[in-house]
Amino acid sequence: MKWNQTHIPTLKESPAEAEIPSHKLMLRAGLMRKLAGGIYTFLPLGLRAYEKVERIVREEMNRAGAIEIRMPALQPKELWQRGPRWDAAQRVMFAASPADGSKFAPGGELVLGPTHEEVITSLAADEIHSYRQLPKNFYQIQTKFRNEIRPRFGLMRAKEFVMKDGYSFDATEDGAVKSYEAMRAAYQRVFERCGFGTQQLKCVWADSGVMGGKYSQEFMVTAECGENEIAFCEKCSYVANVEKAQSKLARLEDGEAPANVGKFPTPGVKTIEDLTKPPFLVAADRQVKTLIFIADSKPVLVLMRGDHPLNEVKLAAATGAIEFRAAREDEIVPLMGARPGSLGAVGKSGVPIYADEALRGRFNMVTGANEDGFHLRGVCVERDIKVTKWADLRSVAAGEPCPECAAPLRIQRAIELGHIFILGTKYSEKLGANYLDEKGQSHPCVMGCYGIGVTRTLAAVIECFNDKDGIVWPMAVAPFHVCISLLDPAKEASAKIAQEIHDALEREGVEVILDDRDERPGFKFKDADLIGFPIRVTIGEKSLAKGGVEVKQRATGEMKLLPPAEAVKEIVAAVRR
RNA sequence: CGGGGCGUAGCGCAGCUUGGCUAGCGCGCUUGGUUCGGGACCAAGAGGUCGCGGGUUCAAAUCCCGCCGCCCCGACCA
Numbered sequence: 003m004k005w006n007q008t009h010i011p012t013l014k015e016s017p018a019e020a021e022i023p024s025h026k027l028m029l030r031a032g033l034m035r036k037l038a039g040g041i042y043t044f045l046p047l048g049l050r051a052y053e054k055v056e057r058i059v060r061e062e063m064n065r066a067g068a069i070e071i072r073m074p075a076l077q078p079k080e081l082w083q084r085g086p087r088w089d090a091a092q093r094v095m096f097a098a099s100p101a102d103g104s105k106f107a108p109g110g111e112l113v114l115g116p117t118h119e120e121v122i123t124s125l126a127a128d129e130i131h132s133y134r135q136l137p138k139n140f141y142q143i144q145t146k147f148r149n150e151i152r153p154r155f156g157l158m159r160a161k162e163f164v165m166k167d168g169y170s171f172d173a174t175e176d177g178a179v180k181s182y183e184a185m186r187a188a189y190q191r192v193f194e195r196c197g198f199g200t201q202q203l204k205c206v207w208a209d210s211g212v213m214g215g216k217y218s219q220e221f222m223v224t225a226e227c228g229e230n231e232i233a234f235c236e237k238c239s240y241v242a243n244v245e246k247a248q249s250k251l252a253r254l255e256d257g258e259a260p261a262n263v264g265k266f267p268t269p270g271v272k273t274i275e276d277l278t279k280p281p282f283l284v285a286a287d288r289q290v291k292t293l294i295f296i297a298d299s300k301p302v303l304v305l306m307r308g309d310h311p312l313n314e315v316k317l318a319a320a321t322g323a324i325e326f327r328a329a330r331e332d333e334i335v336p337l338m339g340a341r342p343g344s345l346g347a348v349g350k351s352g353v354p355i356y357a358d359e360a361l362r363g364r365f366n367m368v369t370g371a372n373e374d375g376f377h378l379r380g381v382c383v384e385r386d387i388k389v390t391k392w393a394d395l396r397s398v399a400a401g402e403p404c405p406e407c408a409a410p411l412r413i414q415r416a417i418e419l420g421h422i423f424i425l426g427t428k429y430s431e432k433l434g435a436n437y438l439d440e441k442g443q444s445h446p447c448v449m450g451c452y453g454i455g456v457t458r459t460l461a462a463v464i465e466c467f468n469d470k471d472g473i474v475w476p477m478a479v480a481p482f483h484v485c486i487s488l489l490d491p492a493k494e495a496s497a498k499i500a501q502e503i504h505d506a507l508e509r510e511g512v513e514v515i516l517d518d519r520d521e522r523p524g525f526k527f528k529d530a531d532l533i534g535f536p537i538r539v540t541i542g543e544k545s546l547a548k549g550g551v552e553v554k555q556r557a558t559g560e561m562k563l564l565p566p567a568e569a570v571k572e573i574v575a576a577v578r579r
């Protein structure tokens with residue numbers, strides 16, 4: 003490929019819209035252009051790099067025994083309404099209505115697919131009848147559409163993006179776990195092949211969210227711009243999304259024996275911190291924090307240790323509510339009889355009370371008296387409060403002891419590239435994906451689902467591999483392996499050598515672009531560094547006078563002067579390594 | 001949707017506070033010339049409904065109102 007035959011519009015400055023390195027570089031290196039917020043055109047180099055990632059994903063899926071299919075992006079709304087999560091799903095879906103506002107053609111209303119559990123399960127309901135057909139694992143690589151509340155960082159969170167989504171069907175729970183484990187191993191290989199090292203790549207325990215199902219793990223790559231936080235142990239292998247992470251807290255001493263509950267005046271006290279000050283001097287970890295939430299339009303009480311932050315994802319998981327928010331004061335007062343600052347759960351009934359595990363067994367605690375300006379002391383949580391459900395509700399903090407080995411936990415931001423779930427029978431039951439076992443009895447298939455953000459992975463590669471001069475592509479994902487910087491395209495001798503090296507490399511299957519532009523050397527070097535081709539071959543009068551061409555590694559800066567034939571050999575070896 | 005910021009040539013910006021004369025600068029682009037191993041130089045050009053609509057005014061990029069778009073922080077997720 004010759005540079006002049008393609009289109010690589012590099013920019014000297016990054017557009018103001020880009021904030022993070024990968025977004026800036028994708029625009030500057032001419033990989034993509036924005037059409038609208040969260041919607042991008044892939045230019046030739048961006049497309050090539052994208053296709054590399056896609057190929058790695060496809061190869062590893064096939065190797066793991068998954069079967070590629072292609073489902074429609076346009077889907078009947080009615081199918082979603084029959085599925086188990088229509089209420090939660092509507093928020094992110096685009097409806098595909100006729101643009102002129104006219105009625106839908108026969109067949110009903112359509113939506114653009116944000117994911118495909120409903121479609122695949124309905125397909126499985128029609129196609130799978132017998133245990134003899136199981137297990138099956140279908141996948142596709144396809145454009146998804148989501149009405150992201152806030153598109154962000156270029157390809158990191160886009161309204162239109164490419165996802166590899168896969169769905170396994172098994173007869174038994176054990177089988178589903180096997181399918182899941184096979185995918186986990188395949189995902190590990192995909193991301194390793196994309197260039198991520200064990201230091202930055204983490205497979206973490208995660209919350210299942212609206213997807214439902216028993217357990218799930220996310221593949222994360224640590225990065226400053228990541229939208230997730232992961233907690234991991236410095237000593238052992240424990241690592242989890244903070245939405246799920248736990249820690250082993252030291253037991254606190256509450257004194258000899260539980261005292262009786264006593265009310266005392268606390269005029270003007272509004273916060274946990276207020277109570278820690280004179281004249282009260284109640285440590286935050288001796289207080290019970292009482293929070294009121296509206297979960298699916300019903301109030302719930304949430305009890306936390308005073309110094310612990312609530313983790314809303316864990317609360318959502320504990321309550322099973324789809325939508326919840328903090329209650330307003332005008333909702334709290336009629337319910338509790340007091341305003342925030344003096345709230346407490348002692349003696350409270352008729353409202354679900356969720357308590358964090360860190361409060362279990364505690365006594366001689368202080369909490370609001372449900373009377374403005376008063377608190378209670380001597381509270382024994384299990385004796386005095388009718389807890390509906392104990393649950394892990396708090397966010398772990400950096401430095402807390404690892405739940406497995408008690409070494410300090412660290413917290414880092416990370417980008418989620420893949421997510422794998424065991425779904426169970428949530429979808430198959432609802433949509434009738436059943437099979438007959440050996441005895442002729444009908445059972446719902448046990449499902450798993452597995453996603454990789456393919457376009458996001460591309461962005462993450464750039465986010466992780468760049469320096470002050472531009473992108474530093476891992477060989478496996480680079481749009482071209484080699485750039486030949488021909489410094490004097492007008493000089494016949496140089497041009498001939500460049501063409502010969504180019505052709506020889508192509509014959510060996512090396513992807514090479516020949517910079518034949520009529521530009522100054524410095525300009526070509528800057529462009530090559532910005533785009534980040536792993537290997538650059540420089541052909542100019544200087545090198546030729548010394549009897550060869552220069553072969554330079556982008557990542558290390560290492561440079562060798564070699565005769566053309568040697569250079570070709572060296573490069574072929576490096577590319578195949 | 002809540003909070004913050006921005007919208008002036010393809011890109012990056014100045015001008016707006018305190019309204020006024022032909023709307024400016026750098027990069028990029030075109031033409032000619034000189035250059036040619038780390039984003040060259042000289043000269044001559046092309047390119048703008050100052051996001052859109054309304055208002056105030058003799059006069060609006062500049063002041064006021066409304067809308068739209070983009071970016072950042074939060075709730076959602078591959």
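Per this note's numbering, the very first residue in the first sequence carries number 3; after that it's consecutive.
We treat Cβ as the ideally placed atom computed from N, Cα and C, and that holds for glycine.
Being a predicted model, the structure only gives us computed values, none of them experimental.
Residue range of the beta strand (DSSP E) that includes residue i
{"i": "Asn243", "result": "241–243"}
{"i": "Cys466", "result": "That residue, Cys466, is in no beta strand (DSSP E); its alpha helix (DSSP H) goes 456–466."}
{"i": "Val38", "result": "Contrary to the premise, residue 38 reads as Ala rather than Val in this sequence. Element bounds for Ala38: 34–38."}
{"i": "Phe44", "result": "41–44"}
{"i": "Glu552", "result": "551–555"}
{"i": "His445", "result": "444–446"}
{"i": "Leu488", "result": "484–488"}
{"i": "Arg538", "result": "537–541"}
{"i": "Leu516", "result": "514–517"}
{"i": "Gln7", "result": "First-last for Gln7: undefined, no H or E at that position."}
{"i": "Pro78", "result": "76–78"}
Same chain only: Cβ atoms within 6 Å of residue i, ignoring 5 sequence neighbours per side
{"i": "Thr457", "result": "Leu157, Phe163, Val164"}
{"i": "Ala173", "result": "Tyr133, Leu136"}
{"i": "Trp475", "result": "Gly534, Pro536"}
{"i": "Tyr42", "result": "Met34, Lys36"}
{"i": "Gly110", "result": "Pro78, Glu80"}
Same chain only: Cβ atoms within 7 Å of residue i, ignoring 5 sequence neighbours per side
{"i": "Trp82", "result": "Trp88, Ala91, Val113, Glu120"}
{"i": "Glu226", "result": "Arg415"}
{"i": "Asn6", "result": "Asp518, Arg519"}
{"i": "Thr117", "result": "Lys146, Asp167"}
{"i": "Ala127", "result": "Leu433, Gly434, Ala435"}
{"i": "Leu563", "result": "Ser545, Lys548, Gly550, Glu552"}
{"i": "Asp529", "result": "Thr12"}
{"i": "Asp256", "result": "Arg364, Phe365, Asn366"}
{"i": "Trp207", "result": "Gln219, Ala242, Asn243, Lys246"}
Cutoff 8 Å; reference residue i; Cβ partners in own chain excluding five residues on either side
{"i": "Phe193", "result": "Leu203, Phe221, Val223, Leu419, Gly420, Thr459"}
{"i": "Cys407", "result": "Cys235, Lys237, Cys238, Tyr240"}
{"i": "Tyr141", "result": "Met63, Ala68, Ile69, Glu70, Ile71, Lys166, Asp167, Gly168, Tyr169, Tyr452"}
{"i": "Val484", "result": "Leu507, Val512, Glu513, Val514, Ile515, Phe535, Pro536, Ile537, Arg538, Val539, Ile573, Val577"}
Start-to-end residues for the alpha helix (DSSP H) that takes in residue i
{"i": "His421", "result": "Looking at the DSSP string, His421 is not in any alpha helix (DSSP H); the run it does join, the beta strand (DSSP E), is 411–426."}
{"i": "Glu572", "result": "566–578"}
{"i": "Arg385", "result": "383–386"}
{"i": "Leu29", "result": "23–30"}
{"i": "Leu532", "result": "523–533"}
{"i": "Leu507", "result": "494–509"}
Distance between beta carbons of residue j and residue i, contact taken as under 8 Å
{"i": "Glu465", "j": "Pro17", "result": "Not confirmed; about 17 Å, so no contact."}
{"i": "Gly380", "j": "Val263", "result": "5 Å"}
{"i": "Ala495", "j": "Leu488", "result": "Contact flag wrong, Cβ pair sits at about 11 Å."}
{"i": "Glu333", "j": "Pro301", "result": "7 Å"}
Checklist entry - What are the complete beta strand (DSSP E) segments, minimum 3 residues, inside the region 293–334? => result Taking only runs of at least 3 residues, the beta strand (DSSP E) segments lying wholly in the region 293–334 are 300–307, 326–328.
Checklist entry - Is the region 131–140 close to the region 83–100, with three or more CB pairs under 8 Å? => result Too few Cβ pairs lie closer than 8 Å, so no.
Checklist entry - With contact counted as at least three CB pairs below 8 Å, one residue from each stretch, are the region 252–270 and the region 357–377 in contact? => result The region 357–377 and the region 252–270 touch, with three or more beta-carbon pairs separated by less than 8 Å.
Item to check | Unbroken stretches of the alpha helix (DSSP H), 4 residues or longer, contained in the region 142–230 | outcome: 175–195
Next on the checklist: Below 8 Å, how does it come out for the region 528–543 and the region 556–567: are there three or more Cβ pairs, yes or no?
Outcome noted: yes
Checklist entry - Just checking, does the region 282–293 make contact with the region 389–396 on the three C-beta pairs under 8 Å criterion? => result In short, these stretches do not touch, since the Cβ pair count stays below three.
Checklist entry - Which parts of the region 248–288 are runs of the alpha helix (DSSP H), unbroken and 4 residues or longer, counting only runs that do not cross its ends? => result 274–278
Item to check | the region 495–509 / the region 562–574 touching (three or more Cβ pairs under 8 Å) | outcome: yes
Checklist entry - Which ranges does the beta strand (DSSP E) cover as unbroken runs of at least 3 residues, wholly within the region 347–402, from first to last along the chain? => result If one requires a minimum length of 3 residues, the beta strand (DSSP E) runs lying completely within the region 347–402 are 355–358, 367–370, 376–381, 391–393, in chain order.
Checklist entry - Taking contact to mean at least 3 C-beta pairs separated by less than 8 Å, is the region 469–485 in contact with the region 60–73? => result The region 469–485 vs the region 60–73: no contact.
Checklist entry - With contact counted as at least three CB pairs below 8 Å, one residue from each stretch, are the region 364–372 and the region 289–297 in contact? => result yes
Checklist entry - What beta strand (DSSP E) runs, 3 residues minimum, are completely inside the region 80–141? => result 112–114
Checklist entry - Between the region 397–404 and the region 233–250, do at least 3 Cβ pairs fall closer than 8 Å? => result As far as the Cβ criterion goes, the region 397–404 touches the region 233–250, which means the pair count is three or higher.
Next on the checklist: For the pair the region 20–40 and the region 58–65, tell me if three or more CB-CB distances fall below 8 Å.
Outcome noted: no
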